[in-house]
Amino acid sequence: MEYRLASKEELERIWDFNIAENSEDERWVDWKKEYIGYNLNGEAFTFLVLDADLPIGEGTLILSPACNAIAGRLPLCDGKETANINALRIRKEYEGNGHISKLMREIECYAKNHKITRLTIGVEAKETRNLAIYLHLGFTEFLFSEVEEGELVLYLGKTLE
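Counting along the sequence shown from 1, when you hit position 138 you're at 148 in my numbering, and nothing is skipped either side.
Rendered as structure tokens:
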């Protein structure tokens with residue numbers, strides 16, 4: 011397994027997989043263009059879990075509050091010292107093997123090397139397994155909650171050491 015920053019070709023592959031897996035939801039096509047654009051212009055960087063060059067997991071470090079996922083919410087991403095982790099996911103058959111933890115270490119290392127001192131993350135309150143993982147990863151500071159698309163989303167933060 012390899013954990014690293016995605017190339018443009020790898021971004022295309024993982025987004026094509028995501029679109030195929032969510033074919034009933036047309037928003038994924040727009041999100042592909044949006045997130046690849048963020049990567050190309052330096053507003054965000056996507057990191058991958060690779061199994062023999064096959065992207066099987068991902069997480070995006072959002073650096074700009076102009077990104078739609080942040081929608082200008084400066085407590086989540088201020089464009090300076092605070093960045094947001096977004097679109098953190100792994101294929102079902104690879105869950106439970108520590109890949110998200112290893113991917114997060116890679117993202118955190120990159121963030122620290124780029125003068126980021128705080129990370130934030132959002133999780134739907136009903137996703138108790140994901141919430142437990144994020145707490146285990148050190149996201150223990152409650153920032154705020156919002157109802158988004160009918161779901162309660164909790165926003166958590168952590169200071170990088």
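We put the CB at the ideal spot given by N, CA and C, even for glycine. The structure displayed is predicted, hence computed values, not measured ones.
Problem - Spatial distance of Ala-76 from Glu-118 (CA atoms) - result: 21 Å
Exercise for the section: Excluding the 5 residues preceding and the 5 following Tyr-144 in the sequence, name in chain order all residues of the same chain whose CB lies nearer than 8 Å to its CB. Expected result: Ile-131, Val-133 and Leu-166
Handout entry: Test item: CB-CB of Leu-58 and Arg-14 under 8 Å
Key = yes
Exercise for the section: Since I believe Leu-73 is in contact with Ile-66 (beta carbons under 8 Å), could you give me their beta-carbon distance rounded to a whole number of angstroms? Expected result: With a Cβ gap of about 24 Å, Ile-66 and Leu-73 do not count as contacting.
Practice task
May I have the straight-line CA-CA distance separating Leu-31 from Lys-168, to the nearest angstrom?
Solution key: It should be pointed out that residue 31 corresponds to Glu in this sequence rather than to Leu. Their Cα atoms are separated by approximately 31 Å.
Handout entry: Outcome for Leu-71 when other beta-carbon atoms lying within 10 angstroms are tallied against a minimum of 16
Key = buried
Problem - Simplified DSSP assignment, three categories, for Ser-33 - result: coil
Exercise for the section: Give the DSSP bridge partners of Thr-150, in chain order. Expected result: Looking at the DSSP assignment, Thr-150 forms no beta bridge with any residue, so it has no partner.
Exercise for the section: Could you tell me which of Ala-54, Leu-141 and Leu-98 sits nearest to Asp-88, measuring between CA atoms? Expected result: Ala-54
Practice task
Buried or exposed for Ala-142, please, with buried defined as at least 16 other CB atoms from any protein chain shown within 10 angstroms of its CB.
Solution key: exposed
Problem - Asn-123, enclosing alpha helix (DSSP H) - first and last residue - result: 109-123
Exercise for the section: State the Cα-Cα distance for the pair Arg-83 and Ala-93, rounded to the nearest angstrom. Expected result: 11 Å
Exercise for the section: Could you tell me if Thr-56 is buried or exposed, where buried requires 16 or more neighbouring beta carbons within 10 angstroms of its beta carbon? Expected result: buried
Practice task
Would you mind sorting Gly-69 into buried or exposed? The rule is 16 or more other CB atoms within 10 Å of its CB.
Solution key: buried
Problem - Which of helix, strand or coil DSSP assigns to Gly-8 - result: Residue 8 is absent from the structure shown; the chain starts at 11 and stops at 171.
Exercise for the section: Would you tell me roughly how many angstroms separate the C-alpha atoms of Asn-140 and Leu-162, rounded to the nearest one? Expected result: 14 Å
Handout entry: Where Ala-142 falls: helix, strand or coil (DSSP)
Key = helix
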